[in-house]
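S.K.: According to my numbering, the residues represented by the sequence shown are 5 to 603, in order.
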Amino acid sequence: MEKKTIYAIGIIAIIGVGGGIGIGVFLLQGGSPGGFTKDTLVYGTMYLPVDLDPQVAWDSASGDLIDQVTEGLFAYDLSDPQLAIIPRLAHATIAPTWSGGDLNFTVTLRDDVTFHDGTAFNASAVQWNWERMAWALNTTGTNNDTVTQIAELYEWPDGTPFVNHTEVVSEFVIKFVLNAPYAPFQALLCFSGSYIQSPASTTKDAYLITATSDLVGTGPWVYDTYEAGVEVLMHAYPSYYGGWSHTSITKLVFSGITDANTRNLALLSKDIQFLDDPHPSFHSQFAADSGTILVGDDPAEEQQSLVTQYMGMNTKAINLTYRKAISYAINYSYITEELLEGTADRLESPIPEGILMGNWSSQEALYNVTKARMLLRTIGYGYNGTDSVDGWYNGTDITPFDLDYDPVWVSAATGGRAALSVSFTYNIGNLFREDMLALLMDNLPKIGITVIGYGMTWGEYIYRLYEVGNLNRDMLELYWIGWGPDYNDPSNFINPLFTNRSVASNGAQYDGWYAAIEAGRDPRVEWNNVQLLMEAGIAETNATKRTTIYARIQQLLVEEDMPWVWGYSSKVFDAYVVDLMGYDTNAMGRVWFYPCYYA
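1. Which same chain residues, not among the five before or five after A264, have their C-beta less than 8 Å away from its C-beta?
2. My guess is that H287 and F109 are in contact by the Cβ rule of under 8 Å, so how many angstroms apart are they, rounded?
3. Is DSSP giving G48 helix, strand or coil here?
4. Under 8 Å, do I253 and L45 count as touching if we go by C-beta distance?
5. In the structure shown, what three-state DSSP assignment does D63 receive?
6. L107 to V177, Cα distance in whole Å?
7. Among all the DSSP beta bridges, which residues are the ones paired with A348?
8. Taking Cβ positions, are V257 and Y47 nearer each other than 8 Å?
9. Alpha carbon to alpha carbon, how far is L613 from Q558?
10. Let's test the definition: count the other Cβ atoms within 10 Å of the Cβ of T519 and tell me whether it reaches 16, buried, or not, exposed.
11. Are the region 568 to 584 and the region 297 to 311 in contact at 8 Å, needing three or more beta carbon pairs?
12. In the DSSP assignment, find the beta strand (DSSP E) that holds N431 and state where it starts and stops.
13. Would you give the residue range spanned by the alpha helix (DSSP H) that F189 belongs to?
14. Does DSSP classify L480 as helix, strand or coil?
15. Thinking A512 and T206 are a contact (beta carbons under 8 Å), I'd like their distance in whole angstroms, please.
16. If you draw a straight line from the C-alpha of Y199 to the C-alpha of T222, how long is it?
17. Between the alpha carbons of Q86 and G358, how many angstroms are there, rounded?
18. So what does DSSP say about K450, is it helix, strand or coil?
19. Figure out for me which residue from S128, A187, D162, I213 has the closest Cα to the Cα of E175.
20. Roughly how many angstroms separate the alpha carbons of G586 and A155, rounded to a whole number?
21. Look up D280 in the DSSP assignment and give the residues it is bridged to.
22. Can you give the Cα-Cα distance for L475 and W102, rounded to whole angstroms?
23. With DSSP collapsed to three states, give me the class of H250.
24. For S198, which of helix, strand or coil comes out of DSSP?
25. Please classify D70: does DSSP put it in a helix, a strand, or coil?
26. Going by DSSP, name the residue or residues bridged to T112.
27. How many Å lie between L379 and T312 at the Cα?
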């Protein structure tokens, strides 16, 4: 799950969040910085929502808001380290059933739920929402807008939707009829795109407009207003079926604070009450401050995040040899130990540990400048013992001294004789990505590659990845991005990120067919082709066979094709005011504020 939007003219203003805290926060809390009332919870976040519509949104900031207001039939138990699937709008004690050769999935629903507009929740409401999804996917042929950006999660590679239709069995029983067996279907129902909106308050054949529409669900919080670049306001839904006896919190605020220092300082001053993923440089202050709690610094409570962080390399612009050389030229220990201050571990696969079928047995590239230089020598680039222009391109053998002598490689890279010049694109205000630019500008010249930094707003950055307007992926060469799970299945970390079927989230423009040819494998053989393997993986319902398929996918991506620099997976940290109770820190990075209360 990343960030993007296709809809809503003028929504770019939402991305241009200022560094300060929205003044509305202070008004809600009674005025003065440093104090807060216990009927309000303010969440300080780097980004505010991009897409309000659950059947469009595919970024963490939008998902965080949608999770508070709307609900799905199932959810993850965030208090369980294993993230077990639990019923949400589904009946608490009547389990769903599969039938018809794994084509029919029947769910009994809760009978005590209403939408925020007073409409009753029932099987007809579920069916209406899946008919709306059919419109969003343009299965109906009537979508004159844009096919939803989350289509990749709901369709087979040939465009056939997973769900053929739904049937209302009775008022509180719904049956999903699939076009073919789809192994992670129940997990897909935990994703926000499968959440249920009120048919009475939602247009069936049009997307919600983030700047002007209303989001109406069954969740604990009612969506009130959104001031672009400042905050989102919500209030407790008094008729929520879960009740409110556990808490006095009646107002929930998402406050947009782009600048990391400002955001972290806001918690120390208690202008916000909750902060997920606090910056490592503030950890010691939060741990020492009597007014805040830092979760994650105690080894007994340590969790590894399921969010992956990586540097994509545009495979159309950077060939396999250069990708390998770059991968060996980066000092990964410096990233984890210095930039992240020991709060993360090296990523060794696109599928993180903790996700089904994640396999870290493949050998990722390790920091080895000599090996990187030898790779470049195979394509005719390298120092041959004389600091002459010709010396960098002729066939003279490189001596051990030449391979290990940094100054001549750096001099060539910066003196007009670079093997390659690449851009690193990043969003301004993200301290880690700004630090990565500095590291790349130090590391890559040592193998004769120059790096040019292009900093921009989040909107300008992410729109390149998703080809919105006149921006496109061809404008990117190196870029750093994260991916969080939409649901717990290996396909969610493979198919959207590496498919050649559509833009999806494949910023590196990786193509399993071309990659196989580039690496010298026969692409017609499924075992050699990531595209064919990923398509087989979502269709296979046998767990043992699926595990073998995903192990092979990870091996090819990590050891042979290298479309990414495998970055890191963070340890999970949250920070909040000492009086806040009930929050479930979790590896998925989901925020869910309903259980929270003040002591």
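The C-beta atom is built at its ideal place from N, Cα and C for all residues, glycine as well. This one's a predicted model, so the numbers in the text were calculated from it and none came from an experiment.
M.R.: From the atom records:
1. Closer than 8 Å at Cβ, skipping near neighbours: M50, H283, G433, N434, L435.
2. Their Cβ separation, rounded to whole angstroms, is 44 Å, which puts H287 and F109 out of contact at 8 Å.
3. Note: G48 maps to strand in three-state DSSP.
4. Taking C-beta atoms as the reference points, I253 and L45 count as a pair closer than 8 Å.
5. Here DSSP, grouped into helix, strand and coil, assigns D63 to strand.
6. Rounded to whole angstroms, L107 to V177 spans 16 Å at the Cα level.
7. Partner residues in the beta bridge of A348, as assigned by DSSP, are S574.
8. For the 8 Å CB-CB criterion, V257 and Y47 form a contact.
9. Given a span of 5 to 603 for the chain in the structure shown, any question on residue 613 remains unanswerable.
10. Position check: residue 519 holds Ala in this sequence, whereas Thr was assumed. Here A519 is buried, its C-beta having at least 16 other C-beta atoms within 10 Å.
11. Contact between the region 568 to 584 and the region 297 to 311 is present: three or more C-beta pairs spanning the two stretches fall below 8 Å.
12. Unbroken beta strand (DSSP E) run through N431: 424 to 431.
13. Unbroken alpha helix (DSSP H) run through F189: 189 to 192.
14. In the structure shown, L480 sits in coil (DSSP, three-state: anything other than H, G, I, E or B).
15. Not a contact, Cβ separation roughly 36 Å.
16. Y199 and T222: Cα-Cα distance of roughly 9 Å.
17. Near 8 Å, if we compare the C-alpha coordinates of G358 and Q86.
18. Reduced to three states, the DSSP call for K450 is helix.
19. It is S128 whose Cα lies nearest to the Cα of E175.
20. If you take the alpha carbons of G586 and A155, they lie about 35 Å apart.
21. Beta-bridge annotation (DSSP): D280 is paired with D578.
22. Taking the straight line joining both Cα atoms gives about 44 Å.
23. Coil.
24. Residue state, collapsed to three classes: helix.
25. For the record, residue 70 in the displayed sequence is Ile; it is not Asp. Here I70 sits in helix by DSSP.
26. Under DSSP, T112 shares a beta bridge with V177.
27. Cα-Cα distance, rounded: 27 Å.
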